[in-house]
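Trainee: Attaching a single structure in structure tokens format; questions to follow.
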Amino acid sequence: MSRVIRCMLIGILVLSGFIPFGASYPTVRTPTLSEGGVNPSTGNTTTLFTFQVKYIDSNNTPPTAVYVYIDGQPHSMWWPGYNYTTGEWCYYWTRLSAGNHSYYFTAINSNGSYRLPSSGSYSLYVAPYYVPPRITLTSGSVTPRQGNTSTNFTFSVRYIHNKGWSPTFVNVVIDGVARNMSVPQGNFSSGISCTYTTNLSLGDHSYYFLASTPNTTGARYPSSGFLHVYVSNHLRRRIWICNNNELLWYVRTNGFRGNGTQDDPFIIENFEINMSSGGGCIYISNTTYYVVLRNLTLHHTELSYSSFTRNTTIYLENLRYFRIEQCKLYAANVGIYLKDCGDVYVKENDFADGYPHRGMIGIYADNVDSLVVEDNTFRCSFEGIRIYRGRYISINSNYFSNPERDASLGISLYNGTNNVSVGMNLLKSIFYPLRVVNSHGITIFANNLSLSTYGGLYIRNSYNLTVTNNTLYNNAYGVYLTNSSGIHVYSNSFLNNSVQAWDDGSANSWNTYYPIGGNYWSDYSGRDNFSGPGQNISGSDGIGDTPYRIPGGNNYDHYPILTPPTTPTAFLYNGGVFPSSGDTSTLFTFFVTYRHPEGVRPLWVKVHLTDAYGSPLLDSLIMTVPEGDYREGVNCTATTGLPSGVVFYYFEAVGSIGWQVRYPEEGALHLTVHSSNASAVLTNSSVTPQRGTPSTLFTFQTYFRDTEGRDPKGVFVFLDPIEAEGREEGYIPVVYELKKLYETSQGVCYGLSREITLQSGYIRVWFEAEDRDHNRVRDPAEGDEFIIYVERTEVLKDPEISPGDWEELNSSTAVNISIVYIDPFGRVPDYVGVDVDGVTYTMLPTGRNYTRGVSYFYISRFTPGNHILYFEAKTGDRIYRYPEENIVFYVERGAAINHPPQLTGGVRSALEGENVYIFYATYLDMDWDPPISVTLHIDGATFGMRPVTDPVWGRGVKYEIKLNLSREEHKYYFTATDSMGGFRKCPESGTFILNLSGAAESERSPSPPRAVIRYSLNGFNAILDGSGSYDLDGRIIQYTWTVDGQLTTGMVTQYTLSQGYHRIELIVMDNDGLTDRCEMILLVGEEGEGWAVRVAGTVILGYGEEEIDEGEGYHLVLREIEDGRAVISVSSEDGGAGVVVLYINRSIMRMGEIALTLDGKPIERLSPAEIANNPEMPAYSVVEKNGEIQVILYLPDIDGHTIVISSLSESAGKIQPSTNSLLFYLILGVVVLLTTLVSAVFAISRRRHTAKGFLLSDEGASHIGRSEAFNWDDFIEE
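Shown next, in the form of structure tokens:
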């Protein structure tokens, strides 16, 4: 309206009394915009640009709209909505096409509009792309994999360059020494095979491959770790002993000492057995002599699922009085298997995976008593110790760690195991460190259980356990108790576990009497103002005044202690070796002083011996730790001979409750070992120049002369970095093999010219040669090395993107961008990041060895077009960038797929005042798209939430906001929008309710929902159905599926799967914000063919013909004959009852196309009535029940009882892959376990199930009607 009309209206209102005289009329102002711009200011077509402008309105009037006009097109901007008087930032996110762009901002509210800039526009430029050259090394191996010193070993690797460039070199690095490989001419784009042939000295040799070309980052195979080849001239045949006479004959004919008595046992010692060609190493049964197995090195690398007798490194059955000590067991299946044994002592052995980290169990004991396992090291990829039905067992002072991946289990006690002591063990980085199932009478004390991916201590269906003085650190669960009673937990330290403890029982205690108290909880927030048994006497006592609640039931630690039990650290110092130098005939004594302030003896003290690259020269030596006053210090020693060359060493001590110390704290010490009978010398060595940069070409030369006129096996130059002041640090020498140049009167000249790009600073240089007798000679002598200086080089290399290549990206796929960070001195960077289109994102590490290189990664998805990228790292005051020029790459337009983000949320008290609450939400995007916003909506108001965890969008980022709320009912919900426009609301419908009005509320917490997976499989097409999920006190509002890492939502979803195993996960959320997770493993075979059997928990897929040795009595052979029938041949050569679960995996198989045989004879098909009234074993039946087809196979045990194998289809006339099956465990006619495996063929859902079955005998059928809970996690153990 015009100013005149407005004034007239105001006057009328004043005269009418609606506005008093003297009242001021508010000044109406239009909004203003300021500080408009875009971040980043430059980029490419993959850059996510953030346009932002500040909106200000002095009347606090919200805008009707705020727009950014880009190239003349308006785009609505988003703002949180707080205080418009001081200014509110408005945002718009987008990606742009290449070229020049113009933009400006406008804002509109009820009082007017505003433009920024007032005229004209801002400009933005977007730029093109570059695919860097890259080397790929694949298929690295050696042939043969083992041999003796006269064997010719051929190392081979495939070299591929994406630009077709030939390599500068391809090396195989054997035991830290680089050897030049033969590189044939050919098509380097498709790949060529490079080889190197040599013979090797005795022992285990590590190797890997390197390649480089000019202007290309080098490549390594494998990318980390080592491959191995074994050489020995002292191998024995396997040992197979079945009674006392055979044992006595073996001991006498092989010259072993002893008489087999307690005072003078048989001692079988000091040799190796290598059974990499198949079978176990030692089998001994039915003996009564006292026997010691000592200092044996046993290799068993066959990976199969046959019986333990054939595939166990050491198999002992039905014997007593055995001691196994100081042995090294490298096994693919089981290290030591004990069956029906007693009085067995296992001490100071080293258990490690045989090949290559596939499912080793260290010790497997079944029905044993009087077993002691102590001071052993377990580096097993599947399980350290597993015990069934054990009695009077001590498991103390052992060390458990994961090899190159998480071990599944550390110590497992099952099925009636009792009277057990588990103490002072160190279990790190293990899926389940310690499990107790169906057992009792166990004491668990002074263990360190840390860094596990699931639970620290898991106890189920057990009673009468004591858990005390343990440290449980940084696990998913600290202690998990379920269906157990009489468990006493006190004086433990619970430190930073995701869930400190869980107990769903009511008959367990979490503290002892006052004043000893309960446990230390790192998240306890109570106070200590009172003391006494009732905590009602003024004055502190180190015990919390309020109990600590244990989730899962109505359990409390009534006396939570406020300081953790002390774990003082030990010290190692004054370490060294005597003599400090020598030759290969010298015995070297390593020494170090150990001290502990409380006089605690260590689990062990070791000296680790490595070559220049950190590869073990010898196995770590366990040092002798004498008895004495450890508070004052004791001298530990170990004596050994050494091979020629430079040997690096350091000392390590480990304690029973988890502490670990090292001397020196960083790097290593070293000594030089000369050859005792070398016939060769090196002279007149030189290095030029003595100062340069990473691009300087350094020339290394030396002269080799052999008195017998023989060529050397190799001549090498060593480069060892040192600090400018001369103090040694790091000890990470690089070794290069020199090339033969020419012959002179001084000898044969060997040389090499190259840039030094792996090290910087002052570098010590010397030369070594290895003659034909494997002797090493050196020039110059130790202490007189050449010193050169190289300015510090870059520390970032090997940028990669996956899946695909820099040239093969599309906008619908989330990609993993990675870079390798290297520091020659092993220092950890302050950060490593990737700058994508001007925005820097923090990258996450995947390792710890910075001297060798740690890969950092960041996962994201890009829009179509060009993108600019470079990497950046900061260490101290230095910032490194790679590459100097930006990596520019192009993203094709993929399928228009954008999955909306996943969102869960809730609220909790902030404990900062009775009205302060924290609202939290977890944002997860399967496309790895960052959020534009995560917002809380409460009572009509909106609040932007802030991230509180690392921005890893594809794994889940937690957002929080803290609000002070009034004492009334509040309705709230959460929303999130990703950068591609995907939207999610939580809950999907309605709102959450937070009632603070003071009205009485139920004391019972809402119960979580239950996730249940159903599915059907037609060939490779799977339909996943979550409709069986339920919530007892509400409704399910969200279904989230993950199939092999890919996410989708909805109650029912469909996938097309490839052949092989697939991990399927369903997460459901109810209207209370609670969630539940269910997981299954699905095996998909080739369409129209393929048979599968799951035997004792192991899935084996066979095509054509394959024999499955079940190990308890029955053997199954699966094959398909020409007429298309399925033939399942069952043999009973071992006698006795078997434990068999049979799944028939066939796309379409009619009832008449099944043939079953036992010991080559057809199994008769009978009706269920015929079998029940007059059982003829074996037999099988095929019946239709409720429109479904059921196939049941009946097999007899030695007592005439029956093993029942049942398969149930989904539709009449077919046996389909999606079947349910009953599993019957019968041993000597007794039902041990009766379970229904629900979900389908090759799939067991992670949910508790019940079942019922039939036990048949000569008297006919009797329905036993027993049901028992079953968990997928326990399937392989029970």
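Residues are numbered in the numbering used here as their position in the sequence shown, beginning at 1, plus a constant of 1. Every residue gets a Cβ at the ideal spot worked out from N, C-alpha and C, and that includes glycine. Bear in mind that the values here come from a model prediction, so they are computed numbers and not experimental data.
1) Using the C-alpha atoms, what's the distance from PHE52 back to SER402?
2) Can you look up TRP503 in the DSSP assignment and give me helix, strand or coil?
3) For TYR832, does the count of other Cβ atoms within 10 angstroms reach 16, so buried, or fall short, so exposed?
4) Only counting the same chain, and skipping five residues up and downstream in sequence, which positions put a Cβ closer than 6 Å to that of ILE919?
5) Less than 7 Å between C-beta atoms, sequence neighbours within five positions excluded: which residues of the same chain meet that for SER523?
6) Measuring only the C-alpha atoms, how far is SER819 from TYR851?
7) Report the residue from ILE1065, ASN867, ASP1045, THR992 whose alpha carbon sits nearest the alpha carbon of ASP1071.
8) Taking THR298 as the reference, which of LYS340, PHE267, GLY576, ASN350 has the closest Cα?
9) Quick check: what's the CA-CA separation for ARG380 versus THR1041?
10) If ASN520 sits next to ASN476, beta carbons under 8 Å apart, how far is it from one beta carbon to the other, in whole angstroms?
11) Strictly by DSSP, which residues pair up with CYS243?
12) Under DSSP, the beta strand (DSSP E) around PHE890 begins and ends at which residues?
13) Taking THR48 as the reference, give the member of MET981, GLY1029, GLY192 with the closest Cα.
14) Since VAL178 is in the beta strand (DSSP E), which residue starts that stretch and which ends it?
15) Shortest alpha-carbon distance to ASP1073 belongs to which of ARG180, ARG765, PRO1010, THR700?
16) Is it buried or exposed, ASN110, if we count other Cβ atoms within 10 angstroms and call 16 or more buried?
17) Mapping the DSSP letters down to three states, classify VAL829 as helix, strand or coil.
18) Which stretch, first to last residue, makes up the beta strand (DSSP E) that contains PHE717?
19) Comparing alpha-carbon positions, which option in SER998, GLU970, VAL958 lies nearest ASP979?
20) Quick one: what's got a C-beta closer than 7 Å to PRO644's C-beta in the same chain, skipping five residues either side?
21) Let me make sure I understand the geometry here. Which of THR87, VAL766, ALA128 has the alpha-carbon closest to that of ARG96?
22) Opposite TRP94 in the DSSP bridges: which residues?
23) When the Cα of THR445 is compared with those of LEU452, ARG436, SER451, which residue comes out closest?
24) Kindly give me the distance between the Cβ atoms of GLU769 and PHE719, rounded to whole angstroms, as I take these residues to be in contact under 8 Å.
25) Entirely within the region 156 to 206 and at least 3 residues each: give me those beta strand (DSSP E) ranges in chain order.
26) In this structure, does DSSP put TRP522 in helix, strand or coil?
27) Here's a check: name, in chain order, each residue in its chain whose Cβ is nearer than 7 Å to the Cβ of GLY748, leaving out the five neighbours to either side.
28) Does the region 1035 to 1052 come close enough to the region 898 to 906 that 3 or more CB-CB pairs lie under 8 Å?
29) Can you give the Cα-Cα distance for LEU997 and GLU970, rounded to whole angstroms?
30) Reducing DSSP to helix, strand and coil, say where THR943 ends up.
31) Grab me the residues of SER124's own chain with a C-beta within less than 6 Å of its C-beta, minus the 5 sequence neighbours each way, in chain order.
32) Counting pairs of Cβ atoms below 8 Å between the region 576 to 591 and the region 530 to 538, do you hit three or more?
33) Alpha carbon to alpha carbon, what distance is there between ARG116 and PRO32?
34) Shortest alpha-carbon distance to ASN465 belongs to which of SER532, ILE388, VAL438, LEU427?
35) For LEU410 and ASN334, I'd like the C-alpha separation in whole angstroms.
36) Taking only the alpha-carbon atoms, compute the straight-line gap between LEU450 and GLY457 and give it to the nearest angstrom.
Mentor: On the basis of the coordinates in this document:
1) 50 Å
2) strand
3) exposed
4) ARG909, ALA911, GLU961, LYS963
5) PHE495, LEU496, ASN497
6) 15 Å
7) THR992
8) ASN350
9) 36 Å
10) Not confirmed; about 14 Å, so no contact.
11) Paired residue(s): none; CYS243 is not in a bridge.
12) 879 to 893
13) MET981
14) 178 to 181
15) PRO1010
16) buried
17) coil
18) 715 to 723
19) VAL958
20) THR585, LEU618, VAL674
21) ALA128
22) THR51
23) Note that residue 445 is Ile in the sequence shown here, rather than Thr. Residue ARG436 is the option with its Cα nearest to ILE445.
24) 7 Å
25) 170 to 175, 178 to 181, 193 to 199
26) strand
27) THR684, TYR704, PHE705, ARG706
28) yes
29) 6 Å
30) strand
31) SER103
32) no
33) 9 Å
34) VAL438
35) 14 Å
36) 6 Å
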